[in-house]
Amino acid sequence: MSRIHYKNLCAFPGRTGEPFLTEFTVEDGMFIADDSPAPDGTEIVTIDMRGAFVMPAFIDAHAHPDGLAMTMGAAACTPPTVRSIPELQSALRKMAAKNPEGWIEGWGYDESLLAEGRTPLKGDLDQVSADRPVFIRRSDYHSAVVNSKALEVAGIDRNTPDPEGGAFGRDANGEPDGRLIELGAVRFLEAHAKPAKTFESAVESLLKLKDHYLSHGILTTTNMMVMRGSDPEPLTLYREACCRGLPVDFNLYAVWQGGEDSSGMPDFRADELRGPVRYAGVKLFADGSISGKTAAVRNPYKTAEGEKLDYPCGMMTLEEPVFLAALSYARRNGVQLSIHIMGDRSIDAVLDWLSDVDPWLADVPSVRLEHASLLRPDQLERIDQMRLKPAFTTQIIFPFAEWRSYRASLSDADFNAAYPVKSIAQRLDAFALSSDAPCTTWADPDSVFVSLAAAVTRRDADDGVFGPDEAVSVGTALALYTGRAALVMPENGQIGVIEPGARANFIRLSGNPFMTAPSKLAELRVTGIWRDGAKLELPKAD
Numbered sequence: 000m001s002r003i004h005y006k007n008l009c010a011f012p013g014r015t016g017e018p019f020l021t022e023f024t025v026e027d028g029m030f031i032a033d034d035s036p037a038p039d040g041t042e043i044v045t046i047d048m049r050g051a052f053v054m055p056a057f058i059d060a061h062a063h064p065d066g067l068a069m070t071m072g073a074a075a076c077t078p079p080t081v082r083s084i085p086e087l088q089s090a091l092r093k094m095a096a097k098n099p100e101g102w103i104e105g106w107g108y109d110e111s112l113l114a115e116g117r118t119p120l121k122g123d124l125d126q127v128s129a130d131r132p133v134f135i136r137r138s139d140y141h142s143a144v145v146n147s148k149a150l151e152v153a154g155i156d157r158n159t160p161d162p163e164g165g166a167f168g169r170d171a172n173g174e175p176d177g178r179l180i181e182l183g184a185v186r187f188l189e190a191h192a193k194p195a196k197t198f199e200s201a202v203e204s205l206l207k208l209k210d211h212y213l214s215h216g217i218l219t220t221t222n223m224m225v226m227r228g229s230d231p232e233p234l235t236l237y238r239e240a241c242c243r244g245l246p247v248d249f250n251l252y253a254v255w256q257g258g259e260d261s262s263g264m265p266d267f268r269a270d271e272l273r274g275p276v277r278y279a280g281v282k283l284f285a286d287g288s289i290s291g292k293t294a295a296v297r298n299p300y301k302t303a304e305g306e307k308l309d310y311p312c313g314m315m316t317l318e319e320p321v322f323l324a325a326l327s328y329a330r331r332n333g334v335q336l337s338i339h340i341m342g343d344r345s346i347d348a349v350l351d352w353l354s355d356v357d358p359w360l361a362d363v364p365s366v367r368l369e370h371a372s373l374l375r376p377d378q379l380e381r382i383d384q385m386r387l388k389p390a391f392t393t394q395i396i397f398p399f400a401e402w403r404s405y406r407a408s409l410s411d412a413d414f415n416a417a418y419p420v421k422s423i424a425q426r427l428d429a430f431a432l433s434s435d436a437p438c439t440t441w442a443d444p445d446s447v448f449v450s451l452a453a454a455v456t457r458r459d460a461d462d463g464v465f466g467p468d469e470a471v472s473v474g475t476a477l478a479l480y481t482g483r484a485a486l487v488m489p490e491n492g493q494i495g496v497i498e499p500g501a502r503a504n505f506i507r508l509s510g511n512p513f514m515t516a517p518s519k520l521a522e523l524r525v526t527g528i529w530r531d532g533a534k535l536e537l538p539k540a541d
């Protein structure tokens, strides 16, 4: 048995209001008290950290790792390399040349960041290829655009009805124009046209994330949108990837597929709810996205001259009977209920449905509300009175990276009230900043340091200010990625803090964020990472 004493360091413990540490001790993968008696025969090793800044490893409480892995084999349609439709076409052609067979894929476009100020359509993608399917996901990962070949393979034509939870974009003559609006439409095309991954290729895809997560300091994350029962089965897939060396804990949230029937999905087995990779809950979608103007809002979205919206106030994609069925299932199975909820109108509806609900989990919030982009002060006051206190995640990376579409979609008042990080942090302990990676227009969407800077400065990628009254301190922002993020979901052992009894998951940074100018926070980097007390090798810098 060995005991390692780390000294000469400055460690943020994962919670605000607690003193920084100058030393700590690790034994058997856990933090222990520095003065714990050592059993006979214990080897004690002392490591001088030379004044380094250390903190708990990051927890990304809302993400989509399979989507992140997909971006590694798809064209990035984001700034700074893509700022127009011709540049988007060029990026897709380059990807097609690298992969001469099969689907041509891209990710991350935002029409507001393209010079043309419009969504690419099938005609634009037909210029990339007429004989291979082309598929590009929008930055929000709720919508997509495809070319004519992809529509043909999927069997989508003017007579195809809109699927539940989505719509097919159509031209003035009623012909599909290539737009897949919201998840229902995207899933329809994927189910009817895209080839399924083999188990082995899916595992290999996830293993590509190892270096990414290590360099980003992330040792715990989620997949907020897995399809239970799909092939390959998500839990089996993630467990296999971790067995082969992916050093990350994953909480999986299965998309609710039971409709209005609380028994419409098979119950979870006990073994599926345990361990470092497990199912943690079921997921519902109450609306769309702000940048896509599909989140359900009270005040109509702003429109450009000549722009006509099919849904001027966005769209609710969830009805109460489905909500109640999923809630009943979650209660019966002892798991969390997670709800994608961006607009204030959808938040109103879900709070109505939760008003008389009692919590069913003792050690973690029974309900997670994801994004809460336009959460109003009166809604926070309402939550104060509820018996069930939900956990929240939000993503400051959205108004930072998607500033143009947010400003084009929302009134100045709504834009400045969006993502009220300070207000939520003051009212609720179980609250996390997170990335939703890769669902935004930023090329490095789950960089904690980019989100840290945005939360502290409330400045976007164009250096514009948004909602400065909702800025938080460096300590609060870091806690929302560590100690407080750990309260949002089940833990595999105590994480997110440096204290006796917690897992020794920690990172060393290139500088002290508390002594770094706010404008320079995004430049910080991870220079060392330890999981359960073992130091892991960081990938070599490019």
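If you read the sequence shown in numbering that gives the first Met the number 0, its first letter stands for residue 0, the second for the next number, and so on.
Glycine included, each C-beta is placed from N, C-alpha and C at the ideal position.
In this text the structure is predicted, and so the values were computed from the model without any measurement.
Where residue i sits in the DSSP three-state scheme
i    : result
K539 : coil
V447 : helix
E271 : helix
D362 : coil
C9   : strand
N158 : coil
L188 : helix
G571 : Nothing about residue 571 can be reported from this structure: the residues present for the chain run from 0 to 541 only.
V232 : Checking the sequence, you will find Glu at residue 232 rather than Val. Of the three classes helix, strand and coil, the one that applies to E232 here is coil, per DSSP.
L20  : strand
K196 : coil
L179 : strand
T70  : helix
V321 : helix
M514 : helix
R331 : helix
T220 : strand
T293 : coil
L205 : helix
F505 : strand
R238 : helix
R458 : strand
R367 : strand
Sequence-distant residues of the same chain with beta carbon closer than 6 Å to residue i, five excluded per side
i    : result
T526 : R507, S509
S147 : K121, D125
P275 : D248, N491
G342 : D286, A294, A295, V296, G313, L373
L8   : M48, A51, V53
V144 : P119, I135, G177, R178
Start-to-end residues for the beta strand (DSSP E) that takes in residue i
i    : result
V525 : 525-530
N172 : It is not in any beta strand (DSSP E) - N172 carries neither H nor E in the DSSP assignment.
L283 : 276-284
V247 : No beta strand (DSSP E) contains V247, which DSSP labels as neither H nor E.
I58  : 57-59
I135 : 133-137
L432 : 430-432
I31  : 29-31
Segment limits, alpha helix (DSSP H) that includes residue i
i    : result
W402 : 402-408
P376 : 376-383
K209 : 208-215
R122 : Before going on, a small fix: residue 122 reads as Gly here, not Arg. Its alpha helix (DSSP H) spans residues 121-125.
N415 : 411-416
A476 : 473-478
V349 : 343-353
V144 : Counting along the chain, V144 falls outside any alpha helix (DSSP H), though it belongs to the beta strand (DSSP E) covering 143-145.
Cut-off 7 Å between Cβ atoms - residues of its own chain near residue i, not counting five sequence neighbours on either side
i    : result
H191 : A153, G154
I497 : A10, P12, G13, L20, F23, F30, P55, F505
P79  : none
Cβ shell of residue i (< 8 Å), same chain only, five flanking positions each side left out
i    : result
A540 : none
P38  : M0
Check: Can you find at least 3 beta carbon pairs, one from the region 275-283 and one from the region 117-133, that sit closer than 8 Å?
Finding: no
Check: Do the region 432-440 and the region 56-64 make contact, defined as three or more Cβ pairs closer than 8 Å?
Finding: yes
Check: Counting only runs that start and end within the region 78-110, where is the alpha helix (DSSP H) found for 4 or more residues in a row?
Finding: 84-97
Notebook entry, point to check: Just checking, does the region 378-388 make contact with the region 405-413 on the three C-beta pairs under 8 Å criterion?
Noted result: No, the region 378-388 does not touch the region 405-413.
Notebook entry, point to check: Hey, is the region 233-248 in contact with the region 81-91, meaning 3+ C-beta pairs nearer than 8 Å?
Noted result: no
Margin query: Whether or not the region 65-77 and the region 498-506 are in contact is what I'm after, with contact meaning three or more pairs of Cβ atoms, one per stretch, closer than 8 Å; do they touch?
Written below: no
Checklist line | Given 8 Å, three or more beta-carbon pairs between the region 43-57 and the region 471-487 | finding: yes
Check: Are at least three pairs of beta-carbons, each pair with one atom in the region 462-475 and one in the region 416-423, less than 8 Å apart?
Finding: Between the region 462-475 and the region 416-423, the count of Cβ pairs shorter than 8 Å is three or higher; the stretches touch.
Note to self: Three Cβ pairs or more, each shorter than 8 Å: is that satisfied between the region 226-239 and the region 67-83?
What the structure shows: no
Notebook entry, point to check: Taking contact to mean at least 3 C-beta pairs separated by less than 8 Å, is the region 443-457 in contact with the region 514-524?
Noted result: yes
Notebook entry, point to check: Are three or more beta carbon pairs between the region 155-165 and the region 179-191 nearer than 8 Å?
Noted result: yes
Notebook entry, point to check: Three or more C-beta pairs closer than 8 Å, one from the region 346-355 and one from the region 299-310: is that the case here?
Noted result: no
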